[in-house]
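Residues 443 to 632 in the working numbering are what the sequence shown spells out, letter by letter. The beta carbon of each residue, even a glycine, is placed where N, CA and C say it ideally should be. Here the structure is a predicted model, which is why all the values come from computation and not from measurement.
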Amino acid sequence: MRLDWSVQRPWAQEEDFVMKRFALAAVAALSFGLPAFAGEQFVDDTGFAVSGYDVVAYRSLEQAPVGQAQPAAVPGKADITADYNGATFAFATEENRATFLENPAYYAPAYDGHCAYGVSKGGKVPGNPNLWRIVDDKLYLNITKNVVSFWEEDIPGNITLAEGNWPAIDPNPASGNPIPNFTSSAPVQD
């Protein structure tokens, strides 16, 4: 005779529900602490991530107040590079390259170099390396000056939206579109 344990243990369904919720919560908690590498880093026609600009150098630039243009990004050099997340990053100095290699997830831009405002709206569009801002120690790029003004209207809210959208769009291919009205003064990869 086969016993139906759910009848014998009326609490079994509730116990299963609690265990499933616990397992889901544990997976979610662990995933927040780990970088996701499912998607592709945005790489434009230079062949480099961040259009060949030095992602470590942003940390030494004086950040402009919201509403004002940021200082220009620092171009990297074609012979000082490192690979990360499936892309090649260029650096202005060997010291910056070494610094990057110590903690690449810290220096790499949010959303694989895609436009932060675009991600907040649910899409992957290119990020312009000269339209940048560091918020809570994370580098964010945007696509155009007009988009920067929209993003800056509510930076925390737009980051929250982008963080909510990113898990669903991260696995999608990187944007293949060019950055509008932008020419990189950084190197081009052979």
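Relative to the C-alpha of Q512, which residue among I576, G606 and P598 is closest? Working through the sequence shown from its first residue, we reach residue 512 at position 70. Nearest to Q512 by alpha-carbon distance, out of I576, G606 and P598, is I576.
Taking DSSP's pairing of strands, which residues face K519 in a bridge?
On the sequence shown, position 77 is the one that residue 519 refers to. The partner list for K519 (beta bridge, DSSP) reads F533.
### Query
Around the C-beta of S493, are 16 or more other C-beta atoms found within 10 angstroms, so that it is buried, or is it exposed?
To locate residue 493, count along the sequence shown from 1; it is residue 51. Taking all protein chains shown into account, S493 has 16 or more neighbouring C-beta atoms within 10 Å of its C-beta and is therefore buried.
(message) With a threshold of 8 Å, are at least 3 pairs of Cβ atoms found where one atom belongs to the stretch 530-550 and the other to the stretch 500-520?
(response) A contact is defined here as three or more CB-CB pairs under 8 Å, and the stretch 530-550 meets this definition with respect to the stretch 500-520.
(Q) Tell me the DSSP secondary structure of D612 in three-state form. (A) Mapped onto the sequence shown, residue 612 falls at position 170. The answer is coil: DSSP assigns D612 none of H, G, I, E or B.
Go through its chain and collect everything with a Cβ distance to I585's Cβ below 8 Å, but skip five positions before and after it.
-> Here residue 585 refers to the residue found at position 143 when the sequence shown is read from its first residue. Once the five neighbours on either side are set aside, the close Cβ partners of I585 are C557, Y559, G560, V567, P568, G569, N570, L573, I621 and P622.
Kindly confirm or deny that the stretch 517-531 and the stretch 482-500 touch, where touching means at least three C-beta pairs closer than 8 Å.
-> Cβ pair count under 8 Å is three or more, so yes.
When burial is assigned at 16 or more other CB atoms within 10 Å of the CB, is D486 buried or exposed? Residue 486 sits at position 44 when you count from the first residue of the sequence shown. By the neighbour-count rule (16 or more Cβ atoms within 10 Å), D486 is buried.
_What would DSSP say about A471, mapped onto helix, strand or coil?_
For the purposes of this step, residue 471 is taken as the residue at position 29 of the sequence shown. In this prediction, A471 has a pLDDT of 35, which is less than 50 and means its spatial position is unreliable; nothing more can be read from the coordinates.
Original post:
In chain order, what residues of the same chain lie with their CB nearer than 8 Å to the CB of V589, ignoring the 5 residues before and after it?
Top reply: As a first step, residue 589 is located in the sequence shown; it is residue number 147 there, counting from the start. Once the five neighbours on either side are set aside, the close Cβ partners of V589 are C557, Y559, G560 and L573.
* If you run the structure through DSSP and keep just helix, strand and coil, what is P485? -> In the sequence shown, residue 485 corresponds to position 43, counting from 1. Per the sequence shown, residue 485 should be read as Val rather than Pro. Looking at V485 - three-state DSSP - the assignment turns out to be strand.
Comparing the C-beta of L581 with each C-beta of chain B, is any distance below 9 Å? The structure shown contains no chain B; it holds only a single protein chain.
**Report entry** Alpha-carbon spacing of P609 relative to D554, whole angstroms
**Finding:** For the purposes of this step, residue 609 is taken as the residue at position 167 of the sequence shown. For the purposes of this step, residue 554 is taken as the residue at position 112 of the sequence shown. Distance from the CA of P609 to the CA of D554, rounded to the nearest whole angstrom, comes to 12 Å.
Three-state secondary structure (DSSP) at A628? If you number the sequence shown from 1, residue 628 lands on position 186. Residue state, collapsed to three classes: coil.
Note to self: Out of S617, G606 and A616, which one is the CA nearest neighbour of S562?
What the structure shows: Stepping through the sequence shown from its first residue, residue 562 is reached at position 120. For S562, the closest of S617, G606 and A616 by C-alpha to C-alpha distance is G606.
_Rounded to whole angstroms, what is the Cα-Cα separation between E594 and I601?_
Along the sequence shown, read from residue 1 onward, the residue named residue 594 stands at position 152. Along the sequence shown, read from residue 1 onward, the residue named residue 601 stands at position 159. Between the C-alpha atoms of E594 and I601 there is a straight-line separation of about 10 Å.
Taking only the alpha-carbon atoms, compute the straight-line gap between V630 and T523 and give it to the nearest angstrom. Numbered from 1 along the sequence shown, position 188 holds the residue referred to as residue 630. Numbered from 1 along the sequence shown, position 81 holds the residue referred to as residue 523. Between the C-alpha atoms of V630 and T523 there is a straight-line separation of about 12 Å.
- Beta carbon of A550, beta carbon of A491: below 9 Å? Sequence index remark: in the sequence shown, residue 550 carries index 108 (1-based). Sequence index remark: in the sequence shown, residue 491 carries index 49 (1-based). Taking 9 Å as the cut-off, the Cβ atoms of A550 and A491 count as close.
Review point. Nearest-angstrom Cα distance between L603 and N545?
Key: Taking the sequence shown and counting its residues from 1, one reaches residue 603 at position 161. Taking the sequence shown and counting its residues from 1, one reaches residue 545 at position 103. Their Cα atoms are separated by approximately 26 Å.
**Span separating the alpha-carbon of S502 from that of G481** = Locating residue 502 in the sequence shown gives position 60, where the first residue counts as 1. Locating residue 481 in the sequence shown gives position 39, where the first residue counts as 1. Rounded to the nearest angstrom, the two C-alpha atoms are 28 Å apart.
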